[in-house]
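In the working numbering, the protein residues as written are 21 to 265. Note that the Cβ used here is the ideal one computed from N, Cα and C, for glycine as well. What follows is a short report on a single structure.
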């Protein structure tokens, strides 16, 4: 099973999680270390409409998310749904969400090159638009010289299929602040020159030195649930101001 196939099977896992939830609710004893079953039930209960119903290409706002762990989130690993530190999951499940959630194709540790390689997986889901947040792992792995070329290739491939590509500035980094600032400058310049769509996630969660604002990251790399919520709000504002035709 490939990484993409594993990710695309999430709805099957969710169905199993719903069964698990029913068993718990009816008092069946389920052993799960660390309360994993209870956490999974809570996630599915909160997000079931987004992750089970999903969106289709018939919906005017059908949207797929692509990227690394910042998109994927890392909450409730048992079923990998309902992440409260995934801006995309939060965006898709907001009461006033401007998108219809189709799939979260974020994969932890992915570089922009790996995201590019998985674009056909997104196209296969027939969305109207794809939200892409990639490049943080390029900085970590020293592959940041290729980021802009990869983002441009992602855009070309999606737009060639009539799908809108919406990129994002990277969240701050307490470990690579200068590099992240430089990368965001490149992304912004590329978008300006090429009329690409970019959501700016930076202003509300970063300080002037390129670090996270206090309390907005548990490890200096990934956004906290609150920072992810702020990112989802930024995406909401941009998408409402720039609706799909």
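Inclusion of residue 87 and residue 142 in the CB contact set at 7 Å is not warranted, their separation being larger than that value.
Residue 215 holds the alpha-carbon nearest to the alpha-carbon of residue 171 among 215, 128 and 82. Looking at 161, 108 and 116, the one whose alpha-carbon comes closest to that of residue 131 is 161.
The Cβ neighbour count for residue 85, taken over all protein chains shown within 10 Å, is at least 16; the residue is labelled buried.
When secondary structure is reduced to three states using DSSP, residue 221 falls in the coil class, being assigned neither helix nor strand. DSSP places residue 108 in the uninterrupted alpha helix (DSSP H) bounded by 107-113.
Under DSSP, residue 86 forms a beta bridge with 125 and 152.
Residue 242 and residue 165 have their alpha carbons spaced roughly 22 Å apart. Comparing alpha-carbon positions, the option among 89, 80, 81 and 110 lying closest to residue 250 turns out to be 110. Within the region 131-198, the runs of alpha helix (DSSP H) that reach at least 4 residues and sit entirely inside it are, in chain order, 132-137, 139-143, 156-161 and 167-179.
At a Cβ-Cβ threshold of 7 Å, residue 189 and residue 174 do not count as neighbours.
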